[in-house]
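J.:
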Amino acid sequence: MGKTAVSKRKQPEGRKKSFWERLKYDMRRNWPLCVMFLPVLIYYIIFSYTPMYGILLAFKDYKVKKGILGSPWVGFEHFERFFSGYNFWGLMKNTLGISVYSLAVGFPIAIIFAIMLHYLTMNKLKKTVQMVSYAPYFISTVVICGMLSIFMDPVNGVFNTVRNLLGMESVGFLGVPGWFKSIYVWSGVWQGMGWSAIIYISSLAGVDYEMHEAAIIDGATKLQRIRHIDLPTIQPTIIMLLIMNLGNLMSVGFEKVYLLQNDLNFATSDIISTYVYRVGLVNSDFGYSTAVGLFNTLINLLILVTANTVARKATGESLW
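Under the working numbering, think of the first position of the sequence shown as -4, with each following residue one higher.
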């Protein structure tokens, strides 16, 4: 009995190694790769994780002289102030309106554009179209907004010049609240359509052409081949990118909105990010602006987790 008990207490030679043992072994074996990865790790620690310490401001009445730790706690007072504010629903409506509009228009257009390029047989034309479609992505936001202001000028703008030639009156597009969302979204589609299509073009290049040959022999049209071969093949890519886009649903680009914003279109152009800038940096209400920004981030996280869960149950594809 004694020998049996001792043998049971002994661990077998082929026992499964723990996570930390495997990690230590991999680091010893692949130390050059770890050294190469170190600068990236340091970068994210300094610029992404260390600033998270500032989240405490959302729960404090921040005083510069007392610092973050010395400032008094106020709990959820800043959140209650934001939720009960007169402009809360307006900010939510504008932010969600622009982001949902951008996703509903820009996401499918990139897929359609990639499929059209994939089926373009003239190589020179295909490369030219790709180059022209990629180019706007590399134009800075400031330049894009300057171009929009010039093109939509009520006096000398291209759009109003065409309207005048057709006998219509000039319109100050950037001064009309109802036009702001469309200007923002469609200019974004023009700028990012070609770049967003790159990953879909790469996925389409991996589709087995033997499936297309079999479909052609069976008399399938191009639309049928796209529907039953191309789209199902690139479905995992589409699902992944859709989940990632949904995770940024509340993160409407601050720079572009701020540069196109004016007193006339303020009712539809004021979003959460511009509001955070105004109350945080302009009015120096750091605790309140941090609370608003944290709320925005938590909504993004909730949407991301929900979209990932729904996609995993519905299609079997997910980020995690």
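We put the beta carbon where it would ideally sit given N, CA and C, even for glycine.
Are at least three pairs of beta-carbons, each pair with one atom in the segment 100 to 110 and one in the segment 193 to 205, less than 8 Å apart?
T.: Yes, since at least three Cβ pairs between the segment 100 to 110 and the segment 193 to 205 fall closer than 8 Å, the two stretches touch.
J.: Label C29 either buried or exposed according to how many other C-beta atoms from any shown protein chain fall within 10 Å of its C-beta, with 16 as the threshold for buried.
T.: In the sequence shown, residue 29 corresponds to position 34, counting from 1. Exposed, because fewer than 16 other Cβ atoms sit within 10 Å of the Cβ of C29.
J.: Taking N118 as part of the alpha helix (DSSP H), name the residues at either end of that continuous run.
T.: In the sequence shown, residue 118 corresponds to position 123, counting from 1. Counting along the chain, the alpha helix (DSSP H) containing N118 begins and ends at N118 to Y129.
J.: Compute every distance between the C-beta of A200 and the non-hydrogen atoms of the ligand MG, then say whether any falls below 8 Å.
T.: As for the ligand MG, it is missing from this structure, which has no ligand bound.
J.: Taking only the alpha-carbon atoms, compute the straight-line gap between L314 and V287 and give it to the nearest angstrom.
T.: Numbered from 1 along the sequence shown, position 319 holds the residue referred to as residue 314. Numbered from 1 along the sequence shown, position 292 holds the residue referred to as residue 287. Whole-angstrom Cα-Cα distance: 27 Å.
J.: When DSSP builds the beta bridges, which residues end up paired with W84?
T.: Residue numbering aside, residue 84 sits at position 89 when the sequence shown is read from its first letter. Note: W84 sits in no beta bridge, so no partner.
J.: For P103, is the classification buried or exposed, using 16 other Cβ atoms within 10 angstroms of its Cβ as the cut-off for buried?
T.: For the purposes of this step, residue 103 is taken as the residue at position 108 of the sequence shown. With fewer than 16 Cβ atoms within 10 Å of its Cβ, P103 is classed as exposed.
J.: Distance check for R24 and V180, CA to CA, integer angstroms please.
T.: Locating residue 180 in the sequence shown gives position 185, where the first residue counts as 1. Locating residue 24 in the sequence shown gives position 29, where the first residue counts as 1. About 49 Å.
J.: In three-state DSSP terms, what is K55?
T.: Locating residue 55 in the sequence shown gives position 60, counting from the first residue. Strand, per DSSP.
J.: Give the range of the alpha helix (DSSP H) segment to which E72 is assigned.
T.: What you label residue 72 is simply residue 77 of the sequence shown in a count that begins at 1. Counting along the chain, the alpha helix (DSSP H) containing E72 begins and ends at E72 to F78.
J.: Determine the DSSP secondary structure at N68, reduced to helix, strand or coil.
T.: Here the question's residue 68 lines up with position 73 in the sequence shown. Correcting the residue identity first, residue 68 is Trp in this sequence and not Asn. Three-state result, W68: strand.
J.: If Q125 sits next to G189, beta carbons under 8 Å apart, how far is it from one beta carbon to the other, in whole angstroms?
T.: Within the sequence shown, numbered from 1, the residue matching residue 125 stands at position 130. Within the sequence shown, numbered from 1, the residue matching residue 189 stands at position 194. About 7 Å separates the two Cβ atoms, so the contact holds.
J.: Can you tell me the Cβ-Cβ gap for V247 and T90, rounded? I've got them flagged as a contact below 8 Å.
T.: Residue numbering aside, residue 247 sits at position 252 when the sequence shown is read from its first letter. Residue numbering aside, residue 90 sits at position 95 when the sequence shown is read from its first letter. With 8 Å as the limit, V247 and T90 qualify as a contact, their Cβ atoms being about 6 Å apart.
J.: Would you call I134 buried or exposed, if buried means 16 or more other Cβ atoms sit within 10 Å of its Cβ?
T.: Within the sequence shown, numbered from 1, the residue matching residue 134 stands at position 139. It is exposed - the Cβ of I134 has fewer than 16 other Cβ atoms within 10 Å.
J.: Which residue from S43, I267 and N278 puts its Cα closest to that of I294?
T.: The residue given as residue 294 occupies position 299 in the sequence shown. Nearest C-alpha to I294: I267.
J.: Measuring straight from C-alpha to C-alpha, what distance separates F83 and F77?
T.: Here the question's residue 83 lines up with position 88 in the sequence shown. Here the question's residue 77 lines up with position 82 in the sequence shown. Between F83 and F77, the C-alpha separation is close to 6 Å.
J.: Is G186 helix, strand or coil when you go by DSSP?
T.: Taking the sequence shown and counting its residues from 1, the one referred to as residue 186 is at position 191. Looking at the sequence provided, one finds Gln at residue 186 rather than Gly. Q186: helix per DSSP, three-state reduction.
J.: Residue range of the alpha helix (DSSP H) that M22 falls in?
T.: Looking up residue 22 in the sequence shown gives position 27. Where M22 is concerned, the enclosing alpha helix (DSSP H) stretches over F14 to R24.
J.: Assign D225 to buried or exposed, taking buried as 16 or more other Cβ atoms, counted over all protein chains shown, within 10 Å of its Cβ.
T.: Numbered from its first residue, the sequence shown carries residue 225 at position 230. Label assigned to D225: buried.
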